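Step one of this worksheet: look at the structure below.
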Amino acid sequence: MAFWWPLLVLAAAYALCRLLLFLIPPTVPSIDVDASDVLAKEDSFIYIPRKGKAAQTDKVQCYEPATMKYLGYFPALTPDEVKEHVEQARKAQKIWAKSSFKQRRQFLRILLKVSSRDTGKTMVDASLGEIMTTCEKITWLLDEGEKWLKPEYRSTGRSMLHKRAKVEFYPLGVIGAIVSWNYPFHNVFNPMLAAVFSGNAAVIKVSEHATWSGCFYFRIIQAALSAVGAPENLVHIITGFAETGQTLVSSVDKIIFVGSPGVGRMIMQKASETLIPVTLELGGKDSFIVCEDVDLPNVVQVAVRAALQSSGQNCAGAERFYVHSDIYSTFVSQVVKIIKSICVGPPLSGRYDMGAICMIEHSEKLQNLVNDALDKGAEIAVRGSFGNLGEDAVDQFFPPTVLVNVNHTMKIMQEEAFGPILPIMKFSSDEEAIKLANDSKFGLGCAVFSGNQKRAIKIASQLHCGVAAINDFASSYMCQSLPFGGVKDSGFGRFAGVEGLRACCLVKSVVEDRFWPYIKTMIPKPIQYPVSEHGFEFQQLLVETLYGYSVWDRLRSLVNLPPAPPTGAAKPCAPSLRAGRNTTLPPPHTPVKSADQFRRRLRAVTAAGRP
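Residue numbers (mature numbering (1 follows the signal peptide of the UniProt record, and there is no 0)): -17 to -1, 1 to 594.
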């Protein structure tokens, strides 16, 4: 017993030290970011954007979608200007690649401090979709990022037992990202965090519909980099339209794209010119399956949040609702009751439940999807109400809409809506729900609800998508250790998690001697140049010894060596073969019958330089 007491005392002391370190927060420098010019001005005029290609000039005009108030403009960068940004980032990356993980963690701590205190937004949606996810990503990188970027040792297999095998992770260089407008804060920070922590530089093209906020967030990043002594040009935010994005793709070492399938295909085509790796997150048409044995009031609340989060402008939002026929009517009535209580309006002008649609033309697209469904037999169960909208901002809002009697002939069940629409369809069996959910060209995520968790897991396992939530919605994205991405028209590749972090790296396989310098690699004599006449026999024997079906097969092949040739025997010369003359192969050898015979033959073979 006396032996264990010191160990227990040491363990208790270690635990106490860990607790104290956890309670004492790390010292994090404060940063000042000038926001005086981005505060709302009462004298801002109303801006009416032009539609179509005519709107694309040498300037990116910015306005607030909820009020149409003008915010200013940023330059649309030329190809030469984009290349200059990338070149500056490349020079800075060569310095940053040598930085320590301690310095990189300090950079993340500063951003975590800023992100959790000041977002510039007041809506609950902004905190849920933008700030919580970003803070979770930073926290995961702080806790586990270094571990997953250290060399990872792998098994060497049977033939390389004297070796040591490992995978090393090096920065790729400059990571480019072209991100969408629906989550401007997180979509900027998400690729930047992974790129910078893995030792890369980052050049991010923000959407022309979220340029104003993206450029403000860049000030935060610059201040944090300066506070830890990082190179000034390590991160760049660039602005512009399609030409800007095309030049970025052709200039960087990897591209991450968040957007539509159509643009994703163009990104791939452009990336093929320089053969750089591509990660595509192209949206989805996520299914939301509700079995008859659920806690209905709770699931209904989750369903409405899944559809209306960020006004439905959520790539992982639920867009197809499949509800068991036994509870279909009750589910619809409870959803209708909640939708009736929702009020839509400008988020900074009052207490509203849902905000604006980012682009004017998108509201028109949403209404066309609803009209198509109505023409094919669907019905509107309810539509939400508007608050006090400005006269010039009416087109920027779309009421939350519940559709019933829908089917898969309707566009609303096939095309990504990206808006606050809940089409609800009934099913009678698990097999039918699986078939309906898989009947889509998209494959990003799904949510399955059942009172029997094993049943929900079984259903989800048969759905062809990259992300699944059991009795929850989009919870996998809050687990930042998990990769995020889809299949089919939802794209390929992953960001977030270990896979996303390592995707920003050059993955290098390394093999080294385990017992250097005592055991080194030497080519066996039978297969040294010039190759022995029994070289093939030796190689065949080696394969059988290492990979024989059973242990006895391997031992038999090890013992069953060919007879040694007479001392001084000449090797048949190759010219006889080239001249076309017949060459007689050695007669079949007889197996050894004793250990002494094996040892004698082994000594003879070694001396002769052949198996």
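Note that beta-carbon positions come from the ideal geometry of N, C-alpha and C, so glycine has one too. All values derive from a computational prediction rather than experimental measurement.
Which of helix, strand or coil does DSSP assign to Thr262?
strand
Considering only residues of the same chain and omitting the five flanking positions on each side of Val481, which have a CB-CB separation below 6 Å?
Trp131
Check whether the segment 482 to 489 and the segment 173 to 183 are in contact - that is, three or more C-beta pairs closer than 8 Å.
yes
Using a Cβ-Cβ cutoff of less than 7 Å, which residues in the same chain neighbour Thr116 once the five nearest sequence positions on both sides are dropped?
His169, Tyr460 and Met461
Given Ala339 as reference, the closest of Ala356, Ile363, Ala364 and Ser368 once Cα atoms are compared:
Ser368
Between which residues of its own chain and Lys66 is the CB-CB distance below 8 Å, once the five residues before and five after are set aside?
Thr230 and Ser234
N-terminal and C-terminal residue of the alpha helix (DSSP H) that His169 is part of:
Pro167 to Phe180
Is it buried or exposed for Phe314, if we count other Cβ within 10 angstroms and need 16 for buried?
buried
Completely contained alpha helix (DSSP H) runs for the segment 229 to 317, where each covers 4 or more residues
244 to 254 and 279 to 291
At the level of alpha carbons, what is the spacing between His517 and Arg137?
34 Å
Burial state of Gln86, where buried means 16 or more other Cβ atoms lie within 10 Å:
exposed
Leaving out five residues before and five after Glu226 in sequence, what residues of the same chain have Cβ atoms less than 7 Å from its Cβ?
Pro62
Provide the residue span of the alpha helix (DSSP H) that contains Ile343, from first to last.
Ile343 to Asp358
Please look up how many angstroms separate the CB atoms of Pro383 and Leu291, rounded, as I've assumed it's under 8 Å.
6 Å
Looking only at DSSP bridge pairs, what is His192 linked to?
In DSSP, His192 forms no bridge with anything.
Top-ranked residue by Cα proximity to Ile510, from Pro500, Phe521, Lys503 and Thr504:
Phe521
Between which two residues does the alpha helix (DSSP H) carrying Leu525 extend?
Gly518 to Tyr530
Would the beta-carbon of Ile325 fall within 9 Å of that of Met342?
no
Going by DSSP in three states, Lys409 sits in which element: helix, strand or coil?
strand
May I ask which residues mark the beginning and end of the beta strand (DSSP E) holding Cys462?
Unbroken run through Cys462: none, as it is neither H nor E.
Which class does Cys118 belong to by DSSP, given the choice of helix, strand or coil?
helix
Could you check whether Ser294 and Gly402 sit closer than 9 Å to each other, using their CB atoms as the reference points?
yes
C-alpha gap between residue 678 and Phe271, whole angstroms
Residue 678 lies beyond the range of the chain shown here (-17 to 594); nothing can be said about it.
Burial state of Ala439 (16 or more Cβ within 10 Å)
buried
Which partner residues does Leu489 have in the DSSP bridge list?
Tyr153
Taking C-beta to C-beta, are Val162 and Lys188 nearer than 9 Å?
yes
If we ignore side chains and look at the alpha-carbon of each, how far apart do Glu191 and Asn351 end up?
24 Å
Output yes or no for whether 9 Å exceeds the beta carbon distance between Gly426 and Val365.
no
I'd like to check one pair, Ala356 with Asn216: are the Cβ atoms closer than 9 Å?
no
Any 3 or more C-beta pairs closer than 8 Å across the segment 444 to 454 and the segment 403 to 412
no
CA-to-CA distance, Gly300 to Cys274, given in whole angstroms
19 Å
Going by DSSP, what residues sit across from Ile221 in a beta bridge?
Lys188
Anyone know if the C-beta pair for Gly159 and Val211 falls short of 9 Å?
no
Answer yes or no: do Arg477 and Gly449 have a C-beta to C-beta separation smaller than 9 Å?
yes
Which residues mark the beginning and the end of the alpha helix (DSSP H) in which Pro58 is found?
Looking at the DSSP string, Pro58 is not in any alpha helix (DSSP H); the run it does join, the beta strand (DSSP E), is Tyr53 to Pro58.
Pull up the DSSP beta-bridge partners for Leu386, would you.
Ile363 and Pro406
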